[in-house]
Each structure stands twice: as structure tokens, then as C-alpha cells.
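Going down the list, the protein sequences come from chains V and H. Residue 173, in our numbering, is where the first sequence stops; the numbers in between run on with no holes. Residue 409, in our numbering, is where the second sequence stops; the numbers in between run on with no holes. Ideal Cβ positions, reconstructed from N, Cα and C, are used throughout, including at glycine. To keep things clear, I will list the structure first and then write my remarks on it.
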Amino acid sequence: MADQRDAEFTDFVADHGGQLLRTACLVTGDAHLGEDLLQTALAKAYGSWEKVRRADHPVAYVRRLMINAHLSWVRRLMNTEQVLETIPETGSGDPQTAHADSDEMRQALRQLSTRVRTALVLRYFEDLSEADTAALMGCSRSTVNNHVTRGLAALRALLAPNGDLTPVSRRHP
Amino acid sequence: MTEHDTTLLADRMHRLADHMTPHLDVVGQVRAARERHRRQRRARITGLAVATAATALVAGTVVTTDVLSADRRTEVAAPSTPGPSAPETGLPAGWEPREFQGVVFAVPPGARSADTFIDVPVSSWTDGPSLIWNGPQLGGDQYSSVSVMIAEPFEGGLPPRGGGRSFTVPGAEQAYGNIETTVMTDGLASAERVVVWLELLAGDRVVQVDAVFDGGEPGQRMAQQLVDSLSVGEPD
Chain V
1 MADQRDAEFT DFVADHGGQL LRTACLVTGD AHLGEDLLQT ALAKAYGSWE
51 KVRRADHPVA YVRRLMINAH LSWVRRLMNT EQVLETIPET GSGDPQTAHA
101 DSDEMRQALR QLSTRVRTAL VLRYFEDLSE ADTAALMGCS RSTVNNHVTR
151 GLAALRALLA PNGDLTPVSR RHP
Chain H
174 MTEHDTTLLA DRMHRLADHM TPHLDVVGQV RAARERHRRQ RRARITGLAV
224 ATAATALVAG TVVTTDVLSA DRRTEVAAPS TPGPSAPETG LPAGWEPREF
274 QGVVFAVPPG ARSADTFIDV PVSSWTDGPS LIWNGPQLGG DQYSSVSVMI
324 AEPFEGGLPP RGGGRSFTVP GAEQAYGNIE TTVMTDGLAS AERVVVWLEL
374 LAGDRVVQVD AVFDGGEPGQ RMAQQLVDSL SVGEPD
């Protein structure tokens, strides 16, 4: 029985762990925190594997565990979290390098509050609907709408002070 | 942002994820998840054993006290410790009482249709049976509503949520949520609405209450009256 669970769980991680890890890295803004967040969610999923495998969408179920764990961390760390209000020094590295676009994007995302960043990642990276994002984050659709509106406005200011969202390496001088 | 902008944003997020996500070690992740789960399970069992022993000790003390003070107790007309406060019985004018699986609450007048019952079993902390009050149209495609859903607890308690505060609801061990004023967008139009979200822990179930009312003072008042009308008893 346990062997069967382990086999199924391993298949699940092999099939979906990569995408879940990508989401975890984006919502935390950090690769190591992303790995830890994924492991937290996977430990919960392993513990209630029967429920996960019977769910209509097991990946969505585990993603929900992951986002809840993430927002729970945030609540505990809220007093120490610092959200910078100033525009970051975008493009501080060599804009010709392959990493310039990612650095600029990562810096911009990290300026946002965690809930706003999470809402943006779920809406535009995971391509979830507003209703699904609200369900995942445990808040109302209107709250998600507010987060997304504020996040997009902030990203526009952070990423495209000249109104150009094109990645920095592709911008014409 | 235009659709082009959001497409660019999605594209950049995907490239950032490509860039910053480390290689997934499937075997390592599985092993770590399994070990972490087992550690947590052992900790829970240990905690349960301690709690059981403590409960037995407290129960023994209570029984002893009762035996020793039995005669004196019969002279007391009322218990010294008050029970849970009774729910408000007086409803605002026009409000109608509702009861769903032991959850008592009230809804304002003006329903546009009969209540909707979703009769599914409690299957997780996110899904279970619900009752929906279908309120009047607020404008566009937005409608006032109140929904009460019964779900499982999340790891024995309320689901982890942020952005709310604790409430006192008769019959509930814990209540957490908020009454928020938010802007809801419907197509091109936006309007202020009052939203209630509340989760109540009562024994082995969690009651999720969600409601949408019109914005402004009337909506705030309705939201508060809904919360004030709530109480939780035993399911039918």
C-alpha cells in the first residue's frame, strides 16, 4: 500500500514538480525559498495522498496547498517583510547580458507586496481566472482584482518608466 | 495595461522562471517530503499523547472537585460559569432567518430567486455542501449574495488566511474573517461593494460564510447585521 503511494507520488512529482517549482520560485522571488515552499507543499500532499489523488485536479490541489503555505509564511513574517516603495535601479548590470531581462523583472516583482506578487503570478504566469485566483488565495474576487490592478500599475512604473514593457535587451536605444 | 502589455508580462514571467528555477531533483524532493511528513506525524502523535494525558489529569481533577462539592453545588441556582451567549433573536425589519446544517443566520429582504442548495458531501477543507441566498441585482452582472458552506477543518483548525481579524460567533470556537469595502469590476464599469468573508471553526467542521452587498453605509450595515445574526449549533 505504502509502496503504491510512494510510486504514485513519485510519478506526480516527476510530472508536475517542475511547474510547481517554477511557480514557487516566482511567488517567493527566491530559488531556495521556492524549493522549500515546494517541499512543504509536497510533504502535506504526501500526508494526504488519498485526497490528492482523488481530487479532480491533483495539481491544482497541491498548488493550493503551496499557495496557502506561502501566504501563511507571509503572515508570520509580515512584521519583518519590507516592501520598497522606490523605483529600483533597473538595468544596473550589463544590459547586453542574457540575464538583464530576468534581473530587471525579478527586481520589479520583488518590490511588490507578497499578496500582490502572488496574485500577478497566478493570473499571468499560471493563467488562472480571477475566480480561481481568489479561491486559491482565500480571498474575494474583488480583492484579487485590487491586487492585480495595483500590481500592474506598479510594474508599469517599475519596468517601463517610458511606457515600454519590452525587455531591456530588446529595447532600441 | 493593454492586452499586449499583459502578454509581454506573462512572457517575461516565463523567462524569469526559466532563469531562476533550479533543476528539480525528483528523488530528493520525494524523499524529503516523505521524511518531513513522517517527522510531523511523529510530532503530532507525541503531542496528542501529551494532550490526552493532560486532559485525563484535568478530568480527574474536575470529577474529584464535583464529588467533594456536590452538596454545596445543589444549593446554587445557576452555574457559576456562564454558557455561550445566545444569538440575537431580534432581526432587522424584513430580514428572514435561515438555517443550514445547524448554522443559523439571517438575510435581508429582496431575494431575486429561491435559495440554492448545493448538496454534495464534505470532501475537503475547500469543498462541501452549501446554501446560497440569491440577492438582488446590484448593477451589471453583479448580484448581492450570501453563501454558507460546510467544509473540513484545515489540519484541525481554520485554513491559513491573512488580512482578517477574529470575530466572536456564538457556538464557534474560532471565527476569522473580515468585512471589506472593495471595488468590483464588471466589464468596463467599476463599483464599490461590501464583501464579507468569514470562517468559523465548530468541532470537526469549518463553516465558510461569503457575502456581497452594495457599497456604502447600507452595505456596511447589512454586512454587520449578517455577522451579528450568525450562530452555530449541531447539524441536523
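query: If we count Cβ pairs, one from each stretch, closer than 8 Å, do we get three or more for the segment 379-395 of chain H versus the segment 146-161 of chain V?; result: no
query: Do you know offhand how far A41(V)'s Cα is from G283(H)'s?; result: 44 Å
query: Verify the CB distance criterion: does E8(V) have a CB-CB separation below 8 Å to chain H?; result: no
query: Here's the rule: buried if 16 or more other CB atoms are within 10 angstroms of the residue's CB, otherwise exposed. What is G267(H)?; result: exposed
query: With distance defined between alpha-carbon atoms, name the residue in L38(V), D30(V), L37(V) and Y46(V) nearest to E8(V).; result: Y46(V)
query: Among L128(V), D6(V) and V121(V), which residue has its Cα nearest to the Cα of S48(V)?; result: D6(V)
query: I want to know whether the segment 116-126 of chain V touches the segment 201-210 of chain H - three or more CB-CB distances under 8 Å.; result: no
query: Taking only beta-carbon positions, decide if S404(H) is within less than 8 Å of chain V.; result: no
query: For E176(H), go through chain V and note every residue whose CB falls closer than 8 Å to its CB, in chain order.; result: Simply none; closest approach about 11 Å.
query: Near G406(H), which residues of its chain fall below 6 Å by C-beta distance, leaving aside the five closest residues on each side in sequence?; result: G275 and G344
query: So which of W306(H), H210(H) and S297(H) has the shortest CA-CA distance to V52(V)?; result: S297(H)
query: Would you check if the distance between the CB atom of Q347(H) and the CB atom of V13(V) is smaller than 8 Å?; result: no
query: Since S142(V) is in the alpha helix (DSSP H), which residue starts that stretch and which ends it?; result: R141 to L159
query: Start and end of the alpha helix (DSSP H) containing Q393(H)?; result: G389 to S402
query: With burial defined as no fewer than 16 other Cβ atoms inside 10 Å of the residue's Cβ, what is the status of I352(H): buried or exposed?; result: buried
query: As a quick exercise: from E328(H), L189(H) and G308(H), pick the residue whose alpha carbon is nearest that of E104(V).; result: L189(H)
query: According to the neighbour-count rule (16 or more other Cβ atoms, all chains shown, within 10 Å of its Cβ), is I323(H) buried or exposed?; result: buried
query: What three-state label does DSSP hand E50(V) in the structure shown?; result: helix
query: Going straight from the alpha carbon of L311(H) to that of R63(V), what length do you get?; result: 33 Å
query: What are the boundary residues of the beta strand (DSSP E) that S318(H) is part of?; result: Q315 to A324
query: Name, please, each residue of chain V whose Cβ falls closer than 7 Å to the Cβ of F332(H).; result: Checking the sequence, you will find Pro at residue 332(H) rather than Phe. The contacting residues are N68 and G138.
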